[in-house]
Amino acid sequence: MSAVRDEIRLGDATPGVGSLANLRVRCMDCGTTVVADRSLTRCQVCGGLLDVDVPLDRPVRPEEFGVGLPPALRHSGVWRYRPLLPALPDDAIVSRWEGNTPLYVDDRLAAYAGLGAGRLAFKHEGHNPTASFKDRGMTVGVSHARAVGARIVACASTGNTSASLASYAAAAGLPALVLIPEGKISGAKLAQTLAYGARVVQIAGDFDQALTLLRQLTDAYDVYLVNSVNPFRLEGQKTIVFELIEQLGWHVPDVIVLPGGNLGNTAAFGKALAELHQVGLIDRLPRLAVIQAAGAAPFAAYHAGGYARFEAVVAETIATAIKIGNPASTPRARRSIERTIGLVTTVTDDEILDAKAAIDRVGIGCEPASAASLAGLRRLVAEGEISKDSSAVGILTGHVLKDADAVVAYHLEDHDGAPRPGANRPVSVAAELPALERALADALHG
Ligand code: F0G
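According to our numbering, the sequence shown is numbered sequentially starting from 20.
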């Protein structure tokens with residue numbers, strides 16, 4: 020133990036790459052501003068959450084994006100928005116062509132949500148290099164880690180952050196330490212994290228305990244923390260909003276719907292929208308609608324109670340990615356909801372699974388947590404909170420193969436003694452042509 024203490028004492032960081040004098044973070048509570056020349060995840064004066072202070076003192080035009088980038092960054096759907104991102108030195112940046120994700124319009128899903136034709140699109144963040152939106156934050160987080168000379172990067176995770184960190188740390192040539200709740204993340208996400216070479220530590224506890232423990236470790240040692248309490252992660256995640264509004268020709272949808280777990284995206288989206296507005300790229304803000312799983316919904320309860328008192332919960336949901344009972348970005352998420360006159364609601368696991376089956380069935384596909392967006396939108400439209408003639412964009416946060424076990428269980432296993440709605444069961448036939456002909460007839464006629 021003491022050997023480790025000697026090896027990576029706090030304050031011993033080796034100098035990083037380039038000059039960081041212009042890189043500042045500001046406390047959202049007390050406004051204290053400091054130079055971001057090390058891993059920073061809370062205000063050293065009051066303990067508040069931090070924002071990267073991006074100087075936005077002039078109008079920005081759409082034509083500026085993607086111009087004048089060094090070759091290694093030219094293909095990144097994150098770094099093309101560099102005028103709105105922290106000024107990290109070129110030689111610190113680790114990019115894997117992240118972003119550039121598709122925006123799918125599907126009228127069957129619009130009908131499922133209760134909206135009119137052409138009124139619903141899905142931004143598919145599962146099309147990132149490690150198949151979730153985390154890569155957008157990770158390129159900025161790991162690049163900042165390199166810029167400050169970090170020797171090791173770490174996260175606690177429900178699986179996607181760990182997969183992404185493992186990949187970007189490998190690209191950067193940095194060791195990565197990952198804490199996961201044992202037995203509570205999907206096999207595919209664990210596989211990715213192991214494959215990319217991170218040191219995986221499984222704890223007998225849940226995600227919230229893992230993050231609390233890891234923060235104790237990173238408070239005591241010079242370990243660079245990349246969970247979304249790290250404000251640089253959120254800077255990358257802002258680009259989901261930049262890219263989707265650019266793909267809509269800089270027209271703002273009425274609503275952006277997203278799942279809420281640790282609430283990093285909710286925080287990032289609110290900041291992104293405020294900044295787009297500030298530099299004159301949009302003239303109004305869409306409403307953010309944050310959807311939590313009913314068994315993991317402390318933020319929805321906090322919102323419903325008028326933000327009077329926050330209470331953490333012990334989380335339980337089939338959507339393991341958002342099985343989080345004490346979201347780290349709660350105050351920043353509240354700010355985003357207040358800024359956008361946003362909505363927060365909950366959906367049951369059954370609603371999530373049925374919405375996921377609908378998204379999968381039209382050939383798009385996503386992991387369970389992502390489908391909370393469609394399930395929540397459907398609920399908000401049915402309740403009249405969102406009008407039927409609204410335009411909406413839902414965020415699909417992860418790829419369908421992120422949780423293949425959930426897909427197989429949905430289609431093959433009975434639920435309450437009956438197949439799930441839309442269950443698609445394989446048929447087994449004898450190895451002979453007549454059997455195959457019958458299967459052909461069935462396939463043709465549904
Ligand atoms: N969807 C997916 C697929 C996720 O992996 C996560 C978070 C969320 C939604 C929620 O996003 O935390 O910004 O509100 N996954 C984290 C992880 C916690 O460790 O991979 P959020």
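Beta carbons: idealized from backbone N, C-alpha and C, even for Gly.
Inset, instruction - Determine the direct distance from the alpha carbon of residue 415 to that of residue 395, and round the result to whole angstroms. - result: For the purposes of this step, residue 395 is identified with residue 376 of the sequence shown, where counting begins at 1. For the purposes of this step, residue 415 is identified with residue 396 of the sequence shown, where counting begins at 1. For residue 395 and residue 415, the distance between alpha carbons rounds to 13 Å.
Legend entry - For residue 105 and residue 32, the rounded distance between their alpha carbons: Locating residue 32 in the sequence shown gives position 13, counting from the first residue. Locating residue 105 in the sequence shown gives position 86, counting from the first residue. Per-residue confidence for residue 32 stands at a pLDDT of 48, beneath the threshold of 50, marking its modelled position as unreliable; the derived number appears in the next sentence. Straight-line Cα distance between these residues: approximately 21 Å.
Inset, instruction - Could you tell me whether the stretch 265-278 touches the stretch 195-209, where touching means 3 or more Cβ pairs closer than 8 Å? - result: With the cut-off at 8 Å, the stretch 265-278 and the stretch 195-209 do not touch.
Legend entry - Check: residue 388 C-beta below 7 Å from any heavy atom of the ligand F0G: Locating residue 388 in the sequence shown gives position 369, where the first residue counts as 1. Taking non-hydrogen atoms of the ligand F0G into account, the C-beta of residue 388 is found less than 7 Å away from one of them.
Inset, instruction - Report the rounded CA-to-CA distance for residue 78 versus residue 435, giving the unit in angstroms. - result: Counting from 1 along the sequence shown, the entry for residue 78 is found at position 59. Counting from 1 along the sequence shown, the entry for residue 435 is found at position 416. The straight-line gap from Cα to Cα measures roughly 57 Å.
Inset, instruction - Count the C-beta pairs between the stretch 164-172 and the stretch 87-96 that are closer than 8 Å, then say yes if the count reaches three, no if not. - result: Judged by Cβ distances under 8 Å, the stretch 164-172 makes no contact with the stretch 87-96, as fewer than three pairs qualify.
Inset, instruction - Check residue 233 in the structure and name its three-state DSSP category. - result: In the sequence shown, residue 233 corresponds to position 214, counting from 1. Correct three-state label for residue 233: helix.
Inset, instruction - Name, in chain order, the residues that DSSP records as bridge partners for residue 141. - result: Against the sequence shown, residue 141 aligns to sequence position 122. Bridge partners of residue 141: 123, 413.
Inset, instruction - Please list, in chain order, all residues of the same chain as residue 237 whose beta carbon is under 6 Å from its beta carbon, the five residues on each side excluded. - result: Residue 237 sits at position 218 when you count from the first residue of the sequence shown. Cβ-Cβ distances below 6 Å link residue 237 to 244 in the same chain, with the five nearest sequence neighbours on each side left out; the list follows chain order.
Legend entry - Simplified DSSP state of residue 100, which is helix, strand or coil: For the purposes of this step, residue 100 is taken as the residue at position 81 of the sequence shown. Note: residue 100 maps to helix in three-state DSSP.
Legend entry - Top-ranked residue by Cα proximity to residue 368, from 417, 340, 220, 362: Position 349 of the sequence shown, counted from the start, is the residue given in the question as residue 368. Taking only the C-alpha atoms, the option nearest residue 368 is 340.
Inset, instruction - Tell me whether residue 387 sits in a helix, a strand or coil according to DSSP, three-state version. - result: As a position in the sequence shown, residue 387 is number 368, starting the count at 1. Looking at residue 387 - three-state DSSP - the assignment turns out to be helix.
Inset, instruction - Check the C-beta distance from residue 183 over to residue 225 and give it rounded, since I have them as a contact under 8 Å. - result: Residue mapping note: residue 183 aligns to position 164 of the sequence shown, counting from 1. Residue mapping note: residue 225 aligns to position 206 of the sequence shown, counting from 1. Rounded, the Cβ-Cβ distance is 20 Å, inconsistent with contact.
Inset, instruction - Might you give, ordered along the chain, the residues of its own chain that have their beta carbon closer than 7 Å to the beta carbon of residue 467, omitting 5 neighbours on each side? - result: Residue numbering for the chain in the displayed model covers 20 to 465; residue 467 lies beyond these limits and cannot be assessed.
Inset, instruction - Please name the residue or residues paired with residue 311 in a DSSP beta bridge. - result: Within the sequence shown, the letter at position 292 stands for residue 311. Residue pairing by DSSP places residue 311 opposite 365 in a beta bridge.
Legend entry - the stretch 248-255 contacting the stretch 309-320, beta-carbon criterion three pairs below 8 Å: Cβ pair count under 8 Å is below three, so no.
Legend entry - Where residue 293 falls: helix, strand or coil (DSSP): By one-based count along the sequence shown, residue 293 stands at place 274. For residue 293, the secondary structure class from DSSP, reduced to helix, strand or coil, is helix.
Inset, instruction - In angstroms with no decimal places, state the Cα-to-Cα distance between residue 447 and residue 306. - result: As a working mapping, residue 447 is identified with position 428 in the sequence shown. As a working mapping, residue 306 is identified with position 287 in the sequence shown. Distance between the alpha carbons of residue 447 and residue 306 is about 48 Å.
Legend entry - Nearest neighbour of residue 136, chosen from 294, 451, 407, 453 [CA to CA]: Translated into the one-based positions of the sequence shown, residue 136 becomes position 117. Of 294, 451, 407, 453, the residue nearest in Cα terms is 407.
Inset, instruction - Can you tell me which of the three DSSP states residue 52 falls into? - result: As a working mapping, residue 52 is identified with position 33 in the sequence shown. In the structure shown, residue 52 sits in a strand (DSSP, three-state: E or B).
Legend entry - Run of the beta strand (DSSP E) containing residue 199, from where it starts to where it stops: Along the sequence shown, read from residue 1 onward, the residue named residue 199 stands at position 180. Start and end: 195-200.
Inset, instruction - Quick one: using the 10 Å Cβ neighbour count with 16 as the cut-off for buried, is residue 34 buried or exposed? - result: Within the sequence shown, residue 34 is the residue found at index 15, counting from 1. Note on residue 34: pLDDT 49, under 50, position unreliable in the model; the coordinate value appears next. Of the residues assessed, residue 34 falls on the exposed side of the cut-off, its CB having fewer than 16 other CB atoms within 10 angstroms.
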